[in-house]
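Colleague: According to mature numbering (1 follows the signal peptide of the UniProt record, and there is no 0), the stretch in the sequence shown is residues -27 to -1, 1 to 187, in order. Pasting a structure here, questions to come.
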Amino acid sequence: MPDDLKRFCRSVVALCALISLSQTAVAEVYTYVDANGNRVFTDQPHRNAKKVDIAPTNRVEQPANKPNRVSRVKAAPSPIFRYQLLRILAPEPDSTVRDIQGNLNVTVTNEPELQPGHVYRLLLDGQLYAAPTRSPVFPLTNIDRGTHQLSVEIVDQTGRVLERTPNQPFHLVRISLSQKRLAQPCKNDDYGVRPECPIKDKPEEESSFFPFFR
């Protein structure tokens, strides 16, 4: 390698070392040509030396350690509210209900009273009957004759079943009009009023005048 190139490489290495030193120790750098014609870099002032202006380095600030985001923890479900009593008042267990149209009312009671956000659900033969409600009275219409099972639930806002009654049987008898008429014969004032006593079946009244005319 030529001597000039060697001297240039040594100068570059020396300059880099001084620059590195200046960044850590904040020292000033000087340069001059020695008696042999070599370019010399030093951190000590020297005769005929010139100060080397070193541009500030670009420092990349390390981002501060950000705290880990707190993972969203699902709120624990509220404790289940316990009712001391839930019972079907009507119809009574194993009772017989007689209605031509198959209608009846189911009434329930509970203790303590129904809490805010809670509703009743009526199950007929294991199937949900109508929409949940806060009313303790359920009107049932056009129920088929035969034996059926009733059950009532109390559920909260999330749909959790808080209380449920056991299945309670009742028997529905849909008697015919003729059977009702036999059980309770129609009177004059009943015609056109009671379904089993249509006005067309009302017998003609005998005239109070001339009873001998027939």
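The C-beta atom is built at its ideal place from N, Cα and C for all residues, glycine as well.
#1: Would residue 75 and residue 117 be called neighbours here (beta carbons separated by less than 8 Å)?
#2: Spatial neighbours of residue 170 within its chain, please: C-beta separation below 6 Å, excluding the five flanking residues on both sides.
#3: Between which residues of its own chain and residue 167 is the CB-CB distance below 7 Å, once the five residues before and five after are set aside?
#4: Locate the beta strand (DSSP E) running through residue 124, then write down its first and last residues.
#5: Let me know the secondary structure DSSP gives residue 155 once reduced to three states.
#6: DSSP three-state call for residue 140: helix, strand or coil?
#7: Where does residue 6 land, buried or exposed, given buried means 16+ other C-beta within 10 angstroms?
#8: According to DSSP, is residue 87 part of a helix, a strand, or is it coil?
#9: Could you round the C-beta distance between residue 100 and residue 54 to whole angstroms and report it? I think they count as a contact, below 8 Å.
#10: Among the candidates 68, 97, 83 and 122, whose CA atom is the shortest distance from the CA of residue 107?
#11: With a Cβ-Cβ cutoff of 8 Å, do residue 79 and residue 104 count as a contact?
#12: Quick one: is residue 133 buried, meaning 16 or more other Cβ sit within 10 Å of its Cβ, or exposed?
#13: In angstroms with no decimal places, state the Cα-to-Cα distance between residue 175 and residue 161.
#14: Helix, strand or coil: which one does DSSP assign to residue 198?
#15: Determine which residues share a DSSP beta bridge with residue 82 and list them.
#16: Rounded to whole angstroms, what is the Cα-Cα separation between residue 4 and residue 10?
#17: Is the beta carbon of residue 72 sitting closer than 8 Å to the one on residue 147?
Modeller: Taking the structure as given:
#1: Residue mapping note: residue 75 aligns to position 102 of the sequence shown, counting from 1. Residue mapping note: residue 117 aligns to position 144 of the sequence shown, counting from 1. It is a contact, given that the beta carbons lie within the stated cut-off.
#2: What you label residue 170 is simply residue 197 of the sequence shown in a count that begins at 1. A distance below 6 Å between beta-carbons, with the five flanking residues on each side excluded, links residue 170 to the following residues of its chain, in chain order: 159, 163 and 164.
#3: Along the sequence shown, one-based indexing puts residue 167 at 194. Around residue 167: 159.
#4: Numbered from 1 along the sequence shown, position 151 holds the residue referred to as residue 124. Note, residue 124: beta strand (DSSP E), 119 to 128.
#5: Counting from 1 along the sequence shown, the entry for residue 155 is found at position 182. Residue 155: helix per DSSP, three-state reduction.
#6: The count along the sequence shown starts at 1 and reaches residue 140 at position 167. Here residue 140 sits in coil by DSSP.
#7: Counting from one through the sequence shown, the residue named residue 6 turns up at place 33. Exposed, because fewer than 16 other Cβ atoms sit within 10 Å of the Cβ of residue 6.
#8: Counting from one through the sequence shown, the residue named residue 87 turns up at place 114. Residue 87 sits in coil when the DSSP states are folded into three classes, being neither helix nor strand.
#9: The residue given as residue 100 occupies position 127 in the sequence shown. The residue given as residue 54 occupies position 81 in the sequence shown. The beta carbons of residue 100 and residue 54 sit about 26 Å from each other, so the pair does not count as a contact at 8 Å.
#10: Taking the first residue of the sequence shown as position 1, residue 107 is located at position 134. Residue 83 is the option with its Cα nearest to residue 107.
#11: The count along the sequence shown starts at 1 and reaches residue 79 at position 106. The count along the sequence shown starts at 1 and reaches residue 104 at position 131. No, Cβ-Cβ distance for residue 79 and residue 104 is not below 8 Å.
#12: One-based indexing of the sequence shown puts residue 133 at position 160. With fewer than 16 Cβ atoms within 10 Å of its Cβ, residue 133 is classed as exposed.
#13: The sequence position of residue 175 within the sequence shown is 202, counting from 1. The sequence position of residue 161 within the sequence shown is 188, counting from 1. Residue 175 and residue 161: Cα-Cα distance of roughly 7 Å.
#14: Any question about residue 198 goes unanswered here, given that the chain covers just -27 to 187.
#15: Here residue 82 is taken as the residue at index 109 of the sequence shown, counted from 1. Answer is 60.
#16: Here residue 4 refers to the residue found at position 31 when the sequence shown is read from its first residue. Here residue 10 refers to the residue found at position 37 when the sequence shown is read from its first residue. Straight-line Cα distance between these residues: approximately 12 Å.
#17: By one-based count along the sequence shown, residue 72 stands at place 99. By one-based count along the sequence shown, residue 147 stands at place 174. In contact: residue 72 and residue 147 (Cβ atoms closer than 8 Å).
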